[in-house]
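Q: Can you read through this structure? Questions will come right after.
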Amino acid sequence: MTQRCARVISGAFLGLVNNRALRSRCSGVGHFSPTKVTNYGIHGVIARASGVAVDLRLGLGGPTYAAYGALSVRSFVGRRGDCYDRFVVRARELLTSYKLLGSAHQPAADKRPKTESMEAVIMHFKASCGSGSVGERGLGVSSVEGPKGCVTVSVINTGGQLPHRLHVRSPVAHNLHLLDTAATNVTFADFVATFCSLDVVLGEIDR
7 MTQRCARVIS GAFLGLVNNR ALRSRCSGVG HFSPTKVTNY GIHGVIARAS GVAVDLRLGL
67 GGPTYAAYGA LSVRSFVGRR GDCYDRFVVR ARELLTSYKL LGSAHQPAAD KRPKTESMEA
127 VIMHFKASCG SGSVGERGLG VSSVEGPKGC VTVSVINTGG QLPHRLHVRS PVAHNLHLLD
187 TAATNVTFAD FVATFCSLDV VLGEIDR
């Protein structure tokens with residue numbers, strides 16, 4: 007079943023990549039240079055499609071995390087930075103994600119104590135949420151490679167149970183800044199294609 011699904015996904019990918027209508031419509035549209043995406047602080051697929059090799063999973067642009075160092079992960083880099091390159095990079099990473107799921111399908115054994123009563127469930131919930139624990143003073147920063155780019159969480163703790171200040175770096179907010187140049191002297195159809203290729207989620211902007 008796994009090999010069959012892999013063949014279906016690979017066939018669909020090849021069919022879309024070699025589609026003449028898609029290639030002609032997206033090639034040369036919404037081009038962003040490596041200098042521009044670097045100056046705007048862009049990460050993820052958009053940066054890699056423009057030729058900038060940044061990928062936190064592989065330790066490119068920051069320290070790696072989780073078990074990515076022990077897994078066979080590939081990062082794809084484009085050349086032109088247009089809508090077509092962004093589509094190809096996303097499609098290739100979709101295939102890579104599928105292969106990762108196949109290699110990590112065996113879950114680790116759960117060593118947590120069994121909760122057999124409601125009181126035990128409540129205590130386990132409080133312990134998991136850090137209720138009653140006192141954090142260390144200082145600044146803590148952690149980043150992960152999200153589907154839309156680098157997601158960074160910064161926490162300032164003054165030694166209490168709750169953080170003094172919390173900030174989440176939204177990659178969508180940085181990606182949206184590229185629309186200022188993408189909407190200049192272009193047709194409406196090209197603007198729509200560029201906007202969709204940036205994978206903007208307005209709900210994340212509103213927060």
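Per the numbering used here, the very first residue in the sequence shown carries number 7; after that it's consecutive. C-beta atoms are modelled at their ideal positions from N, C-alpha and C, and glycine is treated no differently.
If you follow the alpha helix (DSSP H) that Val198 is in, where does it begin and where does it stop?
A: Locating residue 198 in the sequence shown gives position 192, where the first residue counts as 1. Unbroken alpha helix (DSSP H) run through Val198: 194–203.
Q: Would you check if the segment 92–111 and the segment 156–175 touch, i.e. whether three or more CB-CB distances between them fall below 8 Å?
A: No, the segment 156–175 is not in contact with the segment 92–111.
Q: Would you list the one or two residues that DSSP bridges to Glu125?
A: Within the sequence shown, the letter at position 119 stands for residue 125. Beta-bridge pairing links Glu125 to no other residue.
Q: In whole angstroms, what is the alpha-carbon distance linking Ser16 and Val79?
A: In the sequence shown, residue 16 corresponds to position 10, counting from 1. In the sequence shown, residue 79 corresponds to position 73, counting from 1. Rounded to the nearest angstrom, the two C-alpha atoms are 17 Å apart.
Q: Residues in the same chain with beta-carbon distance under 7 Å from Glu210, minus the five sequence neighbours each way, listed in chain order, please.
A: Numbered from its first residue, the sequence shown carries residue 210 at position 204. Counting only Cβ-Cβ distances below 7 Å, and skipping sequence neighbours, we find Ser176, Val178.
Q: Express the C-alpha separation of Tyr71 and Val35 in angstroms, rounding to a whole number.
A: The residue given as residue 35 occupies position 29 in the sequence shown. The residue given as residue 71 occupies position 65 in the sequence shown. Straight-line Cα distance between these residues: approximately 34 Å.
Q: Please list the segments of the alpha helix (DSSP H) lying wholly inside the segment 24–106, counting only runs of 4 or more residues, in order along the chain.
A: As far as the segment 24–106 is concerned, its whole alpha helix (DSSP H) runs of at least 4 residues are 26–32, 40–45, 50–55.
Q: Around the Cβ of Thr41, are there at least 16 other Cβ atoms within 10 angstroms (buried) or fewer (exposed)?
A: Position 35 of the sequence shown, counted from the start, is the residue given in the question as residue 41. Under this definition Thr41 is an exposed residue.
Q: Excluding five sequence neighbours on each side, which residues of the same chain lie with their C-beta closer than 7 Å to the C-beta of Val150?
A: Translated into the one-based positions of the sequence shown, residue 150 becomes position 144. Taken in chain order, the residues that qualify are Leu62, Tyr71, Val157.
Q: Residues in the same chain with beta-carbon distance under 7 Å from Ala53, minus the five sequence neighbours each way, listed in chain order, please.
A: Position 47 of the sequence shown, counted from the start, is the residue given in the question as residue 53. Taken in chain order, the residues that qualify are Val43, Val60.
Q: Considering only C-alpha positions, which residue in the set Val174, Leu106, Val83 is nearest to Val51?
A: Numbered from 1 along the sequence shown, position 45 holds the residue referred to as residue 51. Cα-wise, what sits closest to Val51 is Val83.
Q: Tell me where the beta strand (DSSP E) around His170 begins and ends.
A: Numbered from its first residue, the sequence shown carries residue 170 at position 164. That residue, His170, is in no beta strand (DSSP E); it is neither H nor E in DSSP.
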